[in-house]
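Quick note on numbering: this note's numbering labels position 211 of the sequence shown as 1618, and the sequence is numbered without any gaps.
Heads up, the beta-carbon is just placed ideally off N, CA and C, and yes, glycines get one too.
Quick caveat, the model's predicted, so the values are computed rather than measured.
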Amino acid sequence: MMYVYAGKTALITGASSGIGEVFARGLAKRGMHVVLVARSEEALRKLAAELTKQYGIRSEVIVADLSQEKAAAQVKAAVETRGLHIDMLINNAGMGTYDAFEKLDPERDHQQVMLNVTAVVDLAHAFLPEMAARGEGAMINVSSMAAYMPMPYMAVYAASKAFVLSFSEALSVEYHQRGIRVTALCPGQVETSFHQKTEHPVPRAGATISAQEAVTTALRAMEQGKSSVIPNRMNQASILSTRFMSRIFLAQGAASRLKPQSLKNPTR
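Structure, rendered in structure tokens:
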């Protein structure tokens, strides 16, 4: 069934840059009003003004740190105060940590779980019931190719993205007959600042795609009612091949590729 964008409202987390910003631009171009959520107020307001001027849509800004307790409830309250109804939820905000587990800041890993997992669930609870009551809605959750395998040195990140994938696929089936489309976007390397925001440079692997390709693929998959999608044929083939490998073998391969340089050449 065709999805109609024009006149509806989308809420996008992590909208100030990267994939989130591209989602905002793409949906505004399709005639959707947008609610932009992130921590960076200046960047959000600049983007909102640009989208309203260029496409004539309503752009709202909600400044929130979704790694904090009860942040989703604050976002929902802000939406209700403005008299908005959310037709599409884009759970894009995320973060990653990379290093030997015992070297990572426990607080950063806690924030990672809050942002990558808890906020996704809380925002789904906040807006999915209203979609179900209307008999129409969409949710795109940004997962990762990392969801398909254990990843030493990025253990929490990969596990959090595996949660997002499983959660999305389950809700896709649960709500399909009620008119709600739920899709997990599982990209590999994307040309954004994500990897620069981890504590150390993360080794790159697989095909690198643009944020635009990721967003275009996600929206097409949502329109087609797919529960998950991996952009780029090379990355699709890579994940398909993992089905014939044991998870411990995959973890060992990831460990070899991701092992931090400091552990390969430890200081004596």
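For the candidate residues the options, whose alpha-carbon lies nearest to that of residue i?
i       : options                            : result
Tyr1410 : Gly1595, Lys1671, Gly1586          : Gly1586
Ala1554 : Ser1567, Ile1464, Met1495, Tyr1505 : Ser1567
Arg1588 : Arg1627, Pro1557, Ser1424          : Arg1627
Met1558 : Gln1519, Ala1661, Asn1639, Val1597 : Ala1661
Ala1565 : Arg1654, Leu1578, Lys1483, Gln1584 : Arg1654
Ala1614 : Ala1625, Ala1533, Pro1638          : Pro1638
Gln1668 : Gly1490, Lys1477, Ala1507          : Ala1507
Ala1417 : Gly1501, Arg1650, Met1495          : Met1495
His1532 : Gln1481, Ala1621, Ser1550, Ala1431 : Gln1481
Val1520 : Ala1485, Phe1534, Met1561          : Met1561
Arg1446 : His1517, Ser1423, Glu1476          : Ser1423
Lys1633 : Leu1434, Thr1624, Arg1437          : Thr1624
Lys1453 : Asp1516, Ile1547, Glu1428, Leu1434 : Glu1428
Ala1500 : Glu1620, Lys1436, Gly1425          : Gly1425
Met1652 : Arg1664, Ala1618, Met1556, Cys1593 : Met1556
Thr1599 : Leu1592, Cys1593, Gln1619          : Gln1619
Met1408 : Ser1645, Ile1616, Lys1666, Glu1543 : Glu1543
Phe1430 : Arg1650, Val1563, Asn1498          : Asn1498
Leu1434 : Ala1545, Gly1595, Met1641          : Ala1545
Ile1616 : Met1629, Gln1643, Gln1631, Lys1671 : Gln1643
Tyr1412 : Gln1596, Met1629, Arg1489, Val1563 : Met1629
Asn1523 : Lys1510, Asp1512, Arg1489, Phe1574 : Phe1574
Glu1476 : Glu1449, Ala1577, Gln1518          : Gln1518
Residue range of the beta strand (DSSP E) that residue i falls in?
i       : result
Ala1445 : 1440-1445
Ala1545 : 1544-1549
Ala1591 : 1587-1592
So residue i packs on residue j, CB below 8 Å; how close in whole Å?
i       : j       : result
Val1441 : Thr1420 : The Cβ separation is near 12 Å, so there is no contact.
Ala1539 : Tyr1582 : 6 Å
Thr1590 : Val1528 : Not quite, the Cβ-Cβ distance comes to about 16 Å (not below 8 Å), so this is no contact.
Met1439 : Lys1415 : 5 Å
Val1468 : Leu1451 : 4 Å
Leu1458 : Arg1432 : 7 Å
Leu1592 : Ala1569 : In fact, because the Cβ distance is near 14 Å, the residues do not count as touching under 8 Å.
List the endpoints of the continuous alpha helix (DSSP H) containing residue i.
i       : result
Thr1416 : That residue, Thr1416, is in no alpha helix (DSSP H); its beta strand (DSSP E) goes 1416-1420.
Thr1649 : 1640-1649
Ala1569 : 1562-1582
Ala1618 : 1618-1630
Lys1671 : 1668-1671
Asp1512 : Run containing Asp1512: none; DSSP gives neither H nor E here.
Is DSSP giving residue i helix, strand or coil here?
i       : result
Phe1656 : helix
Tyr1412 : coil
Thr1525 : helix
Arg1437 : coil
Ile1426 : helix
Ser1634 : coil
His1602 : Because His1602 sits at a pLDDT of 49, beneath the cut-off of 50, its placement in the model cannot be relied upon, and the following sentence gives the value as read from the coordinates. Three-state DSSP puts His1602 in a helix.
Arg1664 : helix
Ala1533 : helix
Ala1554 : helix
Against chain C, with Cβ distances strictly below 9 Å, would residue i count as a contact?
i       : result
Ser1617 : Absent from the structure: chain C. Only one protein chain is present.
In chain order, which alpha helix (DSSP H) runs of at least 4 residues are fully inside the stretch 1448-1510?
The stretch 1448-1510 contains these whole alpha helix (DSSP H) runs: 1448-1462, 1478-1488.
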